[in-house]
Amino acid sequence: MNTLWIYKKNKHLDGIVELPDSKSESNRVLIIRSLCGKNFHIDNLSESDDTRTLEQLLKLIEKTTHSKNDKPVILNTGNAGTVMRFLTAFLSIKTGSWLLTGSERMKERPVGKLVDALKQLGADITYLDKEGFPPLLINGSELKGKEISVEAFESSQFVTALMLIAPVISGGLKINLKGIVVSRPYLDMTIRILNRFGVHVHKSDSYIEINDQTFKPKNYSIEKDWSAAAYWYELVALSGHGSLLLKGLEKKSVQGDAILPDIFENFGVKTQFRDDGTYLFKKGDEVKQYENSFIDHPDLAQACLVTCAGLNIPSVFHRLGHLQIKETDRIRAMMNEFKKIGIISMLEKDTVIIRKSEQLKVNHPIETYGDHRMAMSFAPLSIQTRQIGIKNPGV
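Numbering of the sequence shown is given in my numbering, commencing with residue 1 and proceeding in unit increments.
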């Protein structure tokens, strides 16, 4: 187990950042390209492990031919939750027999709500181990469209997976959204991307309806990743008077996490949109206390939690329950590491409360729990503490 120690002698910060391209956008466009049945070029495709995994598996699926007695084709998504969910829906309409599996952690992440919805449409899916969890045996066939109800509290990706295949389902699909919907801006992103490929979507707060229709293939350019920008906003917030240019990051975006400028203004970070990207600088005081719900923006929660802890801002973070079924139990992981470095935090149901703390202790490195967002959210603390260690930084 290797440890990376990060050292920063002062709080000065100035530079230009090349952000990665959007993983969320890339994964949606890859599925759409496969559904189009006609190839088109994707500029700036994400180089993330998730996107590479999805691209490789889609290529394998496309070149696979089946006869009646063939054994199922094994497809391993690794630790990529998005890939597992998107392919569960995609393979349900793809002729053939497929065994969809993943890492040990993936086998602990629920897919039951998505499988239930697909079975309402006639999908042939069998759990090979624990009910409601991967691995899955999927026998692809033509699905019949209808009105279905989906609980979207565990993941908006269940709904997105259904939305992506809806245009090619005979009769289309009406999805009634039951209960609390997490990450709703990610559903809006999916709608915007579908619109760009000629798919019309009708929606309200309680349902999404997509008639059967034809995708209009076109070349597509992926945006820079607003979710990844969170850690650079965090770094500027924790600096004394720092500034950064996030090259190529644009204000106009399909991504819901483009709300970052509004969130981080609470922490003294100003945002200027320029022709060459987004310029951040620390100017002004932080709020005396902070309270917000992250039900719509779960990927920003860890960066904001560490920002508040680093700035010693008493804070309350609501609606974090769905973070427990990510790459790791992110709530428990965050609280474990907070305790290690002297941050006082409490968990009440799905709410994390951060209290004012004494000077942070960073003698022991941060565990990453196989989750890259743990590494990325704690690394910027080095500008406050002069040093921090990150175990397994390559997660």
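Glycine included, each C-beta is placed from N, C-alpha and C at the ideal position.
- Every beta strand (DSSP E) of 3 residues or more that sits fully in the stretch 305-391 is shown, in chain order, as 315-318, 345-348, 351-354 and 387-391.
- In this structure, G310 lies away from E286, with their beta-carbon atoms at least 7 angstroms apart.
- Between A80 and T53, the gap from beta carbon to beta carbon is short of 7 angstroms.
- A straight-line Cα-Cα distance of about 49 angstroms links L244 and L121.
- The DSSP assignment places 124-127 and 136-140 as complete runs of the beta strand (DSSP E) inside the stretch 113-145, in order along the chain (cut-off: 3 residues).
- Cβ-Cβ distances below 6 angstroms link S156 to V182, S183, Y186 and L187 in the same chain, with the five nearest sequence neighbours on each side left out; the list follows chain order.
- At a Cβ-Cβ threshold of 7 angstroms, G389 and W5 count as neighbours.
- Secondary structure at N292: strand, using DSSP grouped into helix, strand and coil.
- The Cβ atoms of A152 and L173 do not sit closer than 7 angstroms to each other.
- Between H372 and K340, the C-beta gap is not smaller than 7 angstroms, which leaves the two residues out of contact.
- Inclusion of A258 and T307 in the CB contact set at 7 angstroms is not warranted, their separation being larger than that value.
- Counting the other CB atoms within 10 Å of its CB gives K23 a total of 16 or more, which places it among the buried residues.
- With a minimum length of 4 residues, the unbroken runs of alpha helix (DSSP H) contained wholly in the stretch 150-203 fall at 157-165 and 184-196.
- In terms of Cβ geometry, Q213 and P261 do not form a close pair [threshold 7 angstroms].
- R109 sits in coil when the DSSP states are folded into three classes, being neither helix nor strand.
- Runs of the beta strand (DSSP E) spanning 3 or more residues and lying entirely within the stretch 220-285 occur at 243-247, 269-274 and 277-282, in chain order.
- Segment contact: the stretch 59-75 against the stretch 103-110, fewer than three CB-CB distances shorter than 8 angstroms; contact not assigned.
- L300 carries a helical assignment under DSSP once its states are collapsed to helix, strand and coil.
- One Cα belongs to D275, the other to I138, and the distance between them is close to 47 angstroms.
- Where G81 is concerned, the enclosing alpha helix (DSSP H) starts and stops at G81 to S92.
- Taking 7 angstroms as the cut-off, the Cβ atoms of K247 and E47 do not count as close.
- In this structure, the alpha-carbon of F338 lies about 14 angstroms from that of P380.
- In this model, H12 and I295 are separated by some 33 angstroms (Cα to Cα).
- Taking D299 as reference, the option from L320, K71 and R355 with the minimal CA-CA separation is L320.
- CA-to-CA, the gap between T3 and A228 works out to about 22 angstroms.
- Here G102 is not bridged, per DSSP, to any residue.
- DSSP lists N139 as the bridge partner or partners of S97.
- Between R355 and E147, the alpha-carbon positions lie close to 47 angstroms from each other.
- In terms of Cα proximity to L128, the closest of L99, K119, G145 and K270 is L99.
- Inter-residue distance for G132 and G179 is about 19 angstroms (C-alpha atoms, whole angstroms).
- Here DSSP, grouped into helix, strand and coil, assigns L58 to helix.
- Take the alpha-carbon of G96 and the one of G140: they are about 5 angstroms apart.
- S26 counts as buried, since at least 16 other C-beta atoms from the protein chains shown sit within 10 angstroms of its C-beta.
- Beta-bridge partners assigned by DSSP to D43: S221.
- Taking a contact as a CB-CB distance under 8 angstroms, the pair N219 and H41 counts as one, their CB atoms being some 5 angstroms apart.
- A direct Cα-Cα distance of roughly 37 angstroms separates L143 from D350.
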